[in-house]
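The structure appears below as structure tokens.
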Amino acid sequence: MTGRRGTGASGRRPPAALAKALLIGLLGVGGPPDRAGAIQAARATGVPDRAVPADLVGAWAFSVAIGNYCNPLGHCSPDSGGSMSFTIRADGQAEHALVETSRVEGCGQIRTLTRKRGTIKVNGPTLVFLTRSGTYTSSNGCRPDLTGTWNLEARDLAPRALTWQLVADPGAPGQQALRLVDPENQMSGTYSRR
0 MTGRRGTGAS GRRPPAALAK ALLIGLLGVG GPPDRAGAIQ AARATGVPDR AVPADLVGAW
60 AFSVAIGNYC NPLGHCSPDS GGSMSFTIRA DGQAEHALVE TSRVEGCGQI RTLTRKRGTI
120 KVNGPTLVFL TRSGTYTSSN GCRPDLTGTW NLEARDLAPR ALTWQLVADP GAPGQQALRL
180 VDPENQMSGT YSRR
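Under numbering that gives the first Met the number 0, think of the first position of the sequence shown as 0, with each following residue one higher.
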């Protein structure tokens, strides 16, 4: 991110890493080794290696929630969870979004949104996401000084070589879902069509 990622007056980073670790732990999917060659080849050209398959075009998403927080009056709200979405256009433009939320007992709700925009390049079962820009937004009920929006730094915009395939959607019989496997487990999951 430009400057310091999500740092406030105290210089500390937001506790979003906790929610991210929780999401990865719940969705943890191992993957093949990093495809440095695929990333390098994808960067070498200005257009996708092959046209984006029509079945891949669209909006895809999934979400996870665990536990509930209930006040003494019986009103409950999600304790922790998150969602990821991936929007892919026929021209190769793409956006990935990660929403995370967690409740810290005695403190409040922490919500974050990480958005990355760029292009994808598809070559067979390999999809490379080349991020050009991104933002990190935090609403922190525990630490208001960690509330704000920051631009992602170059290290946060590293390209991702993913394995993709269309599978039966377990939540929507007769529909297909997009399964992505990321060797670094940052974008792995089974995304339903939206």
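Using N, Cα and C, we set each Cβ at its ideal position, and we do this for glycine too.
Over the uninterrupted beta strand (DSSP E) stretch that includes residue i, give me the two end residues.
i: L151; result: Careful: L151 lies outside any beta strand (DSSP E) and carries neither H nor E.
i: V98; result: 92-103
Under 8 Å by Cβ, that's how I've got residue i and residue j pegged, so tell me the actual separation to the nearest angstrom.
i: S60; j: S79; result: Sequence inspection shows Ala at residue 60; the Ser mentioned does not correspond to that position. 18 Å between Cβ atoms; not a contact.
i: G133; j: L112; result: The Cβ separation is near 11 Å, so there is no contact.
i: G93; j: G117; result: Position check: residue 93 holds Ala in this sequence, whereas Gly was assumed. The Cβ separation is near 6 Å, so the contact holds.
i: L179; j: G170; result: At roughly 16 Å, the Cβ-Cβ gap does not stay under 8 Å, so L179 and G170 are not in contact.
i: S138; j: T146; result: 5 Å
i: C174; j: R193; result: First, the amino acid is wrong: residue 174 is Gln here, not Cys. So it is not a contact: roughly 11 Å between Cβ atoms.
i: T130; j: T148; result: With 8 Å as the limit, T130 and T148 do not qualify as a contact, their Cβ atoms being about 17 Å apart.
i: T86; j: A53; result: With a Cβ gap of about 15 Å, T86 and A53 do not count as contacting.
From the DSSP secondary-structure annotation, give me the bridge partner or partners of residue i.
i: M186; result: Answer is none; M186 lacks a bridge partner.
i: L161; result: L126
i: A176; result: V166, S191
i: R142; result: R142 pairs with nothing; no bridge assigned.
i: A60; result: S84, S191
i: L55; result: For L55, which the question treats as bridged, DSSP gives no partner whatsoever.
i: R110; result: T100, S138
i: R116; result: E94, S132
Of the residues the options, which one's Cα is nearest the Cα of residue i?
i: G107; options: G140, G117, E152, L126; result: G140
i: D168; options: A160, R131, T162, L177; result: L177
i: V98; options: V51, V127, V63; result: V63
i: V56; options: R114, K120, E183, A160; result: K120
i: A96; options: R88, D90, R114, I109; result: R114
i: P143; options: M186, V166, I109; result: I109
i: N184; options: V103, R159, D90; result: R159
i: V198; options: G105, R88, R102; result: Nothing can be reported for residue 198: it is not among the residues displayed for the chain, which extend from 0 to 193.
i: L156; options: W163, A58, M186; result: M186
i: W163; options: T86, D90, D181; result: D181
i: L161; options: V127, S84, A153, R102; result: V127
i: V166; options: Y190, A153, R154; result: Y190
Answer with yes or no whether the minimum CB distance from residue i to chain D is below 8 Å.
i: A157; result: Although the question refers to chain D, the structure presented lacks it and comprises just one protein chain.
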